[in-house]
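Report on one structure; see the data block that follows.
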Amino acid sequence: MTTSTLGVVNPRYFLNRLALEHSTDCLSLEPEMIIQELFRKTSLPAMQEMFEEFCEAAVAPAYYWRGRNPEILLKFGEEMEKLIEASYLLFRERRSSASADLPVAVKQFFVQYPLADWKRILRDWTQAGLSVNSVAETGDPFEMIPFVTRMEELIKSLGEFAAK
Numbered sequence: 000m001t002t003s004t005l006g007v008v009n010p011r012y013f014l015n016r017l018a019l020e021h022s023t024d025c026l027s028l029e030p031e032m033i034i035q036e037l038f039r040k041t042s043l044p045a046m047q048e049m050f051e052e053f054c055e056a057a058v059a060p061a062y063y064w065r066g067r068n069p070e071i072l073l074k075f076g077e078e079m080e081k082l083i084e085a086s087y088l089l090f091r092e093r094r095s096s097a098s099a100d101l102p103v104a105v106k107q108f109f110v111q112y113p114l115a116d117w118k119r120i121l122r123d124w125t126q127a128g129l130s131v132n133s134v135a136e137t138g139d140p141f142e143m144i145p146f147v148t149r150m151e152e153l154i155k156s157l158g159e160f161a162a163k
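Under numbering that gives the first Met the number 0, the sequence shown has 28 at position 29, and the numbering climbs by one with no breaks.
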């Protein structure tokens with residue numbers, strides 16, 4: 000199932016994670032501050048390691064988090080959702096200008112899929128990580144490699160962007 004046709008819908012509709020936290024018009028938020036806050040709470044190496052564990056949980060053919068609190072995976076999924084939404088705001092703000100300070104990974108991310116698709120894919124991975132099913136069984140297998148690759152690039156790029 001693709002949500003690409005939903006791309007014409009008001010973008011505020013897909014910025015629900017930021018809306019829940021900030022109680023304001025999401026399009027008025029400063030994405031740089033959101034990104035810096037995310038990386039202030041979790042260092043780039045820690046976020047990269049957690050993303051690797053998140054992916055392992057989602058592709059595991061059985062429940063992966065035995066003996067661990069599933070809230071950790073759920074909260075990490077929410078943090079990734081905020082990162083994607085903040086990246087979208089950054090992309091939206093800077094894509095039309097010849098701004099050199101838009102990380103290439105952000106542009107490539109939203110050229111590959113629109114915001115709605117990234118959020119759906121992230122939801123599929125989060126659900127798979129919390130269940131006994133692999134994302135290969137419940138999601139679209141053709142989205143697996145692009146998801147991991149682009150998310151790794153996005154995390155690294157925005158971690159470096161936040162450190163500037």
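Using N, Cα and C, we set each Cβ at its ideal position, and we do this for glycine too.
Please read these numbers as outputs of a predicted model, since none were measured by experiment.
Residue i, DSSP secondary structure in three states
{"i": "residue 39", "result": "helix"}
{"i": "residue 138", "result": "coil"}
{"i": "residue 159", "result": "helix"}
{"i": "residue 165", "result": "Past the edges of the chain, shown from 0 to 163, lies residue 165, and the structure says nothing about it."}
{"i": "residue 89", "result": "helix"}
{"i": "residue 124", "result": "helix"}
{"i": "residue 45", "result": "helix"}
{"i": "residue 66", "result": "coil"}
{"i": "residue 131", "result": "coil"}
{"i": "residue 61", "result": "coil"}
{"i": "residue 113", "result": "coil"}
{"i": "residue 94", "result": "coil"}
{"i": "residue 77", "result": "helix"}
{"i": "residue 29", "result": "coil"}
Burial state of residue i, where buried means 16 or more other Cβ atoms lie within 10 Å
{"i": "residue 119", "result": "buried"}
{"i": "residue 0", "result": "Any reading at residue 0 must be qualified, since the residue scores a pLDDT of 42, below 50, and its modelled position is unreliable; no value is offered."}
{"i": "residue 6", "result": "Because the pLDDT at residue 6 is just 46, under 50, the model does not fix this residue reliably, and the point stays unresolved."}
{"i": "residue 50", "result": "buried"}
{"i": "residue 100", "result": "exposed"}
{"i": "residue 154", "result": "buried"}
{"i": "residue 165", "result": "One cannot answer for residue 165 here, as it falls past the ends of the chain, which runs 0 to 163."}
{"i": "residue 158", "result": "buried"}
{"i": "residue 102", "result": "buried"}
{"i": "residue 149", "result": "buried"}
Whole-angstrom C-beta distance between residue j and residue i, which should lie under 8 Å
{"i": "residue 138", "j": "residue 72", "result": "So it is not a contact: roughly 16 Å between Cβ atoms."}
{"i": "residue 42", "j": "residue 104", "result": "Between residue 104 and residue 42 the Cβ distance is about 18 Å, and since that is not below 8 Å, they are no contact."}
{"i": "residue 80", "j": "residue 114", "result": "Not confirmed; about 11 Å, so no contact."}
{"i": "residue 134", "j": "residue 57", "result": "4 Å"}
{"i": "residue 141", "j": "residue 124", "result": "Not confirmed; about 14 Å, so no contact."}
{"i": "residue 30", "j": "residue 89", "result": "4 Å"}
{"i": "residue 38", "j": "residue 161", "result": "4 Å"}
{"i": "residue 94", "j": "residue 106", "result": "7 Å"}
Checklist entry - Is the stretch 84-91 touching the stretch 27-40 in the sense that three or more CB pairs, one from each, lie closer than 8 Å? => result yes
Next on the checklist: Does the contact criterion of 3 or more C-beta pairs under 8 Å hold for the stretch 98-113 versus the stretch 60-79?
Outcome noted: Proximity of the stretch 98-113 to the stretch 60-79 falls short of the contact definition, fewer than three beta-carbon pairs being nearer than 8 Å.
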